[in-house]
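To keep things clear, I will list the structure first and then write my remarks on it.
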Amino acid sequence: MFTNYYLIFYYFPLIILLIYSPINSQIQTSEFSNFQNELPEEISNRTYVQEQTNLQKYIFKKYDRKTRPVQNQSIPTTVLFHAYLMHFSVDQLQQTMFLNGHIYMTWSDDKATWDPSLFNNVRTTMVKTWEIWHPELRIANSVSGVNQYFEISRRSHATLTSITPNKTKVESYPTFSVRVGCNFDFRDYPNDEQNCAARLYTTNVMSEVELAIYYNLEPSVMLGWGNQSIKKNIQEWELLSVNANLSFYKSHRKYSNERPNSAYEAQSTW
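If you count the sequence shown from 1, you need to add 132 to reach the working numbering.
This is the structure we're talking about:
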């Protein structure tokens, strides 16, 4: 019958149109009238937003951002980081240095996971950092007092990328504006060279969170853009170099370049 219908429609268009098409035409018009004035980009954007909304509802339905996102809590979370320095200034009288830039961080999350095949093959979504577990970072030699809590932004976003249905890669880019204490020596003025460190650490002990330098790369310096991309001077100061290294702070208030030798030591090392 279904095939015969189309044969009849083909050979007797006038009869079929008079009897059947008015109703069908009204149905089709009512179904698509809402889309006649929409651009393809608008329809695509609406579909994308709906997919992202459904995915994030699924991710956060049972997610606990206060719990480290690993299946085995005895295994530490490794957080890789890379710093981008955008600006610096020196206060010679106060012997402080102001640093501004952002940090790239990435780690694995075993809880914010999904199967892309169930969500139209969507593999990436962007969330707010306060919605997920995020390492708490501090500057050990900050001179900002109570304001140091706000020196590393908590209002950034994070990108979640599905690696497998049971593992997600998290990437975060918080900005920082920190003021650190230095120990300047001006005996060789005006040809003096000064060193000043910013000691970044996580509030979790090493048995929980372990910081590591991203591919052992030195911090990136971007004091200018375009023709000023190689800029190294700010006021009377020239930036000679920036480097990163790891040291370990142990409970007896000593810094060491040696990693903890046991899980017991890691429980009291930052």
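Ideal placement from N, C-alpha and C gives every residue a C-beta, glycine not left out.
Sequence-distant residues of its chain with Cβ nearer than 7 Å to leucine 332 (five each side left out): Locating residue 332 in the sequence shown gives position 200, counting from the first residue. For leucine 332, the CB contacts under 7 Å within the same chain, skipping 5 residues up- and downstream, are Leu269 and Ile271 in chain order.
Cβ-Cβ distance between glutamate 283 and serine 276 below 8 Å: Translated into the one-based positions of the sequence shown, residue 283 becomes position 151. Translated into the one-based positions of the sequence shown, residue 276 becomes position 144. Contact flag set, yes.
Beta bridge counterpart(s) of serine 352 as assigned by DSSP: As a first step, residue 352 must be located in the sequence shown, where it is residue number 220. Answer by DSSP bridge pairing, in chain order: Tyr216.
Arginine 200 Cβ short of 7 Å to the ligand MG heavy atom set: The ligand MG is not part of this structure, which contains no ligands at all.
Three CB pairs or more closer than 8 Å across the segment 226–235 and the segment 303–323: Because the criterion of three Cβ pairs below 8 Å is met, the segment 226–235 and the segment 303–323 touch.
Rounded separation between valine 254 and proline 248 - CA only: Reading the sequence shown from its first residue, position 122 is the one you call residue 254. Reading the sequence shown from its first residue, position 116 is the one you call residue 248. Their Cα atoms are separated by approximately 5 Å.
Test item: CB-CB of arginine 286 and threonine 261 under 8 Å: Locating residue 286 in the sequence shown gives position 154, where the first residue counts as 1. Locating residue 261 in the sequence shown gives position 129, where the first residue counts as 1. Closer than 8 Å, so yes.
Glutamine 203 versus Lys243, Phe251, Lys386 and Trp265, residue with shortest Cα-Cα distance: Position 71 of the sequence shown holds residue 203. Selection Lys243, Phe251, Lys386 and Trp265 evaluated against glutamine 203 yields Lys243 as nearest (Cα-Cα).
Spatially closest choice to asparagine 375 from Asp196, Glu350, Met218 and Ser274, by CA coordinates: Taking the first residue of the sequence shown as 1, we reach residue 375 at position 243. Here the closest residue by C-alpha is Glu350.
Serine 309 - containing beta strand (DSSP E), residue span: Numbered from its first residue, the sequence shown carries residue 309 at position 177. That run of the beta strand (DSSP E) goes 307–313.
At least 3 beta-carbon pairs within less than 8 Å: the segment 298–305 vs the segment 360–374: Because the criterion of three Cβ pairs below 8 Å is not met, the segment 298–305 and the segment 360–374 do not touch.
Beta-carbon proximity check, glutamine 188 vs valine 259, cutoff 8 Å: As a first step, residue 188 must be located in the sequence shown, where it is residue number 56. As a first step, residue 259 must be located in the sequence shown, where it is residue number 127. In contact: glutamine 188 and valine 259 (Cβ atoms closer than 8 Å).
Residue environment, serine 165, which counts as buried when at least 16 other CB atoms sit within 10 Å: Stepping through the sequence shown from its first residue, residue 165 is reached at position 33. Low confidence applies to serine 165: its pLDDT is 49, below 50, so where it sits in the model is not reliable, and the reading given next is rough at best. Burial call: exposed.
Residues that leucine 269 bridges to, as DSSP identifies them: On the sequence shown, residue 269 is found 137 positions in, with the first residue counted as 1. According to DSSP, which records beta bridges pairwise, leucine 269 is partnered with Thr334.
Start and end residues, beta strand (DSSP E) containing tryptophan 239: Residue 239 sits at position 107 when you count from the first residue of the sequence shown. Run containing tryptophan 239: 228–241, per the beta strand (DSSP E) assignment.
Presumed contact (8 Å Cβ cut-off) between leucine 343 and phenylalanine 213, rounded CB distance: For the purposes of this step, residue 343 is taken as residue 211 along the sequence shown, with counting starting at 1. For the purposes of this step, residue 213 is taken as residue 81 along the sequence shown, with counting starting at 1. Correct: roughly 6 Å between the Cβ atoms.
Segment limits, beta strand (DSSP E) that includes phenylalanine 282: If you number the sequence shown from 1, residue 282 lands on position 150. Premise fails: phenylalanine 282 is in no beta strand (DSSP E) and is neither H nor E.
CB contact flag (leucine 355, lysine 363, <8 Å): Taking the first residue of the sequence shown as 1, we reach residue 355 at position 223. Taking the first residue of the sequence shown as 1, we reach residue 363 at position 231. Contact flag set, yes.
Straight-line Cα distance separating asparagine 377 from proline 201: Along the sequence shown, read from residue 1 onward, the residue named residue 201 stands at position 69. Along the sequence shown, read from residue 1 onward, the residue named residue 377 stands at position 245. Going from the Cα of proline 201 to the Cα of asparagine 377 covers about 27 Å.
For threonine 199, the nearest candidate out of Asn336, Val353 and Asn393 (CA to CA): Within the sequence shown, numbered from 1, the residue matching residue 199 stands at position 67. Selected option, being the one with the closest Cα: Asn336.
Between the CA atoms of leucine 250 and arginine 391 - distance to the nearest angstrom: Your numbering for residue 391 matches position 259 in the sequence shown. Your numbering for residue 250 matches position 118 in the sequence shown. Using only the alpha carbons, I get a separation of about 43 Å.
Short Cβ contact (8 Å threshold) for threonine 209 with glutamate 340: In the sequence shown, residue 209 corresponds to position 77, counting from 1. In the sequence shown, residue 340 corresponds to position 208, counting from 1. Contact: yes.
Isoleucine 235 classed as buried or exposed, judged by whether at least 16 other C-beta atoms fall within 10 angstroms: Indexing the sequence shown from 1 puts residue 235 at position 103. Under this definition isoleucine 235 is a buried residue.
Backbone CA spacing between serine 388 and methionine 338 [nearest angstrom]: Position 256 of the sequence shown holds residue 388. Position 206 of the sequence shown holds residue 338. Rounded to the nearest angstrom, the two C-alpha atoms are 14 Å apart.
Rounded C-alpha distance that separates aspartate 223 from isoleucine 345: Numbered from 1 along the sequence shown, position 91 holds the residue referred to as residue 223. Numbered from 1 along the sequence shown, position 213 holds the residue referred to as residue 345. Approximately 29 Å, taken between the alpha carbons.
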